[in-house]
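Positions 100 to 945 (the numbering used here) are the ones given, in order, by the first sequence.
Report on the structure given below.
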Amino acid sequence: MPAENAAIDKGINPEEWTDLNISFMKNQQKRIGLSYDWDREICSHDSRYYKFDQYFFIMMYEKGLAYRQESYVNWCNTCSTVLANEQAQGGKCWRCNNEVEQKFLTQWFLKIKNYAEELLNGLDYVDWPEKVKMMQRNWIGRSEGTTIKFPIIDENRSIDIFTTRPDTLYGVTFMVFAPEHPWVHDWVKGTKYEKKYDSFYNEVMKQKKFERTDIDIEKKGIFIGKYCIHPLTKEKIPIYISNFVIYEYGAGAIMAVPAHDQRDFEFAKKYDIPIRIVIQPHEYELNAEKMSRAFESQGILANSEEFNDMENLNAIKSITEKLDKLGIGHATINYKLRDWGISRQRYWGCPIPIIYCEKCGTVPVPLTDLPVILPKDVKFTKSGNPLETSENFITTTCPKCGAVARRETDTMDTFIDSSWYFFAFCDPPHHELDIPYRKEIVNYWGNVDQYIGGIEHAVLHLIYARFFTKMSRDLGLHDFDEPFQRLLTQGMINKSHPYCSKCDRFAMKAEMNDDSCKFCKTKYIMRSVKMSKSYGNTINPDDIINKYGTDSARFFVLFGASPESGLDFSEEGIGFASKFIRNIFSLLVDPPKIIRKNKTVRDDLINYYMNKIIKDTNNSMNNLDIRDAVNNIIQFYSEITKYKTEGVFDEIYNQCMRTIIILLHPIAPHITEEIWEIIGKKKYLSLASWVEYDDKVLTEENNFKWNLMNSTMGDINNIKNLIKKDSLEKISLIIADKWKYHLYSRLFKLTEKTMNQGEIMSQLMKDNELKPHGKFISQIVNRILKNIGKFSNFSLSPDDESSFFIDIKSIIEKKFNTTVEILFEDEINDKKANKALPGKPSIIIF
RNA sequence: GCGGAUGUGUCUAAGUUGGAAUAGAUCUCGCCUUAAAAGCGGGUGCAGUAGUGCCUCGUGGGUUCAAGUCCCACCAUCCGUACCA
């Protein structure tokens, strides 16, 4: 439709305009480095593709899933076309945001309602955001209730109304029909009510549909002089019409129970209709005259013949059973979901393959005659469907009798195209095939493992595509039930923009440089809002790419926020990204200044980090936590930087480089590919195998050791800051006495049995080795028991701990630019020394 | 009204089966530099001349040896939806 509008505005052919845009977008996508398999490119305006839109339509027509009906439909004046219910949410056109009107037209519909139950249940089997599932559940709007026949007086037909509250059936005191219900029109004809009805009808029709169903709008109605009969009591019940009853839902008429429904209550009060109580609350008694609002809670039935004294929730079932037995009602399930109106009065779309013959009526185009090609000899006038201007197209012959016939000129909703394109990507359509795609290929690839799209399609594309998947499965085209197994709804790119808090509005494009609101003169504040042309706050990706490069743009977007939460565009953010990209280049391309021949513990450390980071990054990537993955890479980058300046061991350093290049490659493909070549690697990086981590490096012992090193260095740093010494003479690390290790192992064993401190202490004091240290132990035990989980179960022996510190001595020395000595507790006479504990050496700084 | 989500030191975000609150930005100090930028290092909840103590994940309770995480109630914000019989 934008193509057609642009064509009208600019006088270009829509096809030309579409192709132009496709090549522009393709270029941009290639520039930003998106790796698509372009061999699978499909275009919905290619007759090889839309042929199968028509195929699906005809298959549905033959199965009775496509039908033509005259009804009230949503009409958008600016788009000059009909819209489906899903496309007119909140009474506004999904494309142009214009208020939609109601028009009475003959249109093609698809019976999506036939799949309502399955569409609802299928939601339990997909891994989608709860929010989207809720939106679909609400949209489908299943409700269980009862259909009840109310015979019309003086006629032999009856109205089958739907109610969820058959327990209140005895409380019905009036009926309400939608004003546009066709029966109503006949009933008032030639009666004294006709005039009143006509003016009321016109008044209601003038209201926009969504205004009419606004809760604040006044509930208006009139009596139309007609009655029906209560199916059980046989009482005469007056029929009203009112604006609050919607023709499309249920029967287009309701039974009104003013005592137990607030809306009915208000209506009854207004028009002086009797109120009959049929449910009494447990705690008190209602009085019809004194009621100020309806009683909608649970209670016990009254005035309900044999159902009196029954709990109302039980009565729902009992009354329905009785109606069923008498043949005047039955349990029913109703859905809010309406059938999908797919006719569009526009040129640029897929023609509906139907021919109207005077003799044979509505005739589908035979499958062998597909595709029905969209003609090019059309005139774009400002009004009406351009297709109607192509005589060649309209005039045809009837496939059945050969007589001159006329083609349908409505085209299909473009959502039809997007309802099955994911199958087409598996097996791009071929003109010569008579099916849209081959079953074994689609079954092999499908269903889609991970789908990404905006939340705005929650009850549009995402419901249509599910319907199509089930429908085409039933045509035998493939075997699975749901199109998209995992769904991620990505956020939008926002930008801060002038906002008036008083008027609750953002500055429009023309006002965006003003200081204050043009309506109330309040000063604008800056607030984040989605990018949009009307606000004039859009950023052209090309500008960003030109200024910072593709990789910086990608890095910024991926690191800026999680995919779900959207991103605030900012200059600082993109600046950081661009700095990082530059830094990583020089880090990897400039060779290290110091290269060691011997392997040291420093190399073990960076190797440990490397493996840990591969593991964490892989996890994050798999969960699509791209931001976390990037965070890990940034950390690894700074570790490598430190490692490089301290001096490297060639083999390990090369592994680190390879790892970070590969990890970063999906984020910043261009620069990493470049670096790959510069450092002399053969073949493309994009074809290199992904990095694996070595589980043997990530043992509990190693985790413990490197944590021990980090926390010890943290402690040293802490003390250093505290004593405000500029340069350090010496650091002594004192490893705890052997008996403390013995204590730890005894203690942790005991805590498996009991957490009682007294009991634990008395057990410990039976140990002769520990007994002399009783006072110290009781303090330690107290501290440990307060938060046992904080203490690792794993520990090294005193000798292992000491030799580990000897190993990493050089790292600490380098970091603090001083000498480090490792001692045992009994080797030094300092009262600070005896604070040493297993896994926590005492630190003395000189 | 109904439904859903969110709330984390200044900001943006991580935080898995409960087990020592992480990153990045910002700001700031230092190094480097003739200088700036870039880069590197320290600090960025409070207190402290010794590895510690205390506070803090919207508020208030609860469960637990242990709660950002589990349970209950409330508040705020955002989104969806609305006479659906």
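A virtual CB, placed ideally from N, CA and C, is assigned to each residue, including glycine.
If you're wondering where the values come from, they're calculated on a predicted model, not measured in any experiment.
Going by DSSP, name the residue or residues bridged to residue i.
i      : result
Ala504 : Thr495
Phe208 : Tyr166, Gly440
Ala352 : Phe276
Trp174 : Val181, Glu200
Arg695 : Phe748
Asn433 : Ser242
Cys195 : For Cys195, which the question treats as bridged, DSSP gives no partner whatsoever.
Pro337 : Tyr326
Glu410 : Ile399
Leu922 : Ile833
Taking all protein chains shown into account, decide if residue i is buried (16 or more other Cβ within 10 angstroms of its Cβ) or exposed.
i      : result
Met158 : buried
Met756 : buried
Trp447 : buried
Glu926 : exposed
Trp789 : exposed
Asn593 : buried
Thr494 : exposed
Val919 : buried
Met124 : exposed
Ile693 : exposed
Glu791 : exposed
Pro373 : exposed
Cys142 : exposed
Under a three-way DSSP split, which group does residue i fall into?
i      : result
Phe322 : strand
Ala215 : helix
Phe261 : strand
Trp447 : coil
Gly221 : helix
Arg256 : coil
Gln549 : strand
Lys416 : helix
Ile250 : Before going on, a small fix: residue 250 reads as Pro here, not Ile. Pro250 falls in the strand class under three-state DSSP.
Phe893 : coil
Lys617 : coil
Tyr135 : coil
Arg392 : coil
Ser831 : strand
Cys142 : coil
Return the residue from the list the options that minimises the CA-CA distance to residue i.
i      : options                        : result
Pro357 : Ala367, Ile258, Val287         : Ala367
Glu161 : Gly648, Gly351, Lys617, Met570 : Met570
Tyr269 : Lys819, Leu723, His359         : His359
Cys949 : Glu507, Trp439, Gln444, Val729 : No information on residue 949 is available, as it lies outside the stretch 100 to 945 that the chain covers here.
Asp578 : Lys538, Trp137, Ala606         : Lys538
Asp526 : Leu576, Ser396, Phe492, Thr510 : Leu576
Pro450 : Leu473, Val462, Tyr783         : Leu473
Lys741 : Gly553, Pro597, Trp174, Pro691 : Pro691
Tyr166 : Ser685, Cys175, Phe156         : Phe156
Asp906 : Val503, Gly483, Leu723, Ile921 : Ile921
Lys421 : Ser242, Asp509, Pro330         : Pro330
Ile643 : Phe658, Phe668, Pro662, Glu663 : Phe668
Thr649 : Leu204, Arg681, Cys619         : Arg681
Trp227 : Ile554, Ile211, Asp814         : Ile554
Less than 7 Å between the C-beta atoms of residue i and residue j, yes or no?
i      : j      : result
Thr488 : Pro265 : no
Gly320 : Tyr292 : no
His284 : Gly351 : no
Asp145 : Met511 : no
Ile859 : Leu849 : yes
Lys804 : Phe904 : no
Gln206 : Gly440 : yes
Ile239 : Leu219 : yes
Cys562 : Gln235 : In the sequence under discussion, the amino acid at residue 562 is Ile, which differs from the Cys named in the question. Yes; because the gap between Cβ atoms is below 7 Å, this pair is in contact.
Pro940 : Ile834 : yes
Thr246 : Gly428 : yes
Ala277 : Val344 : yes
Ile766 : Phe654 : yes
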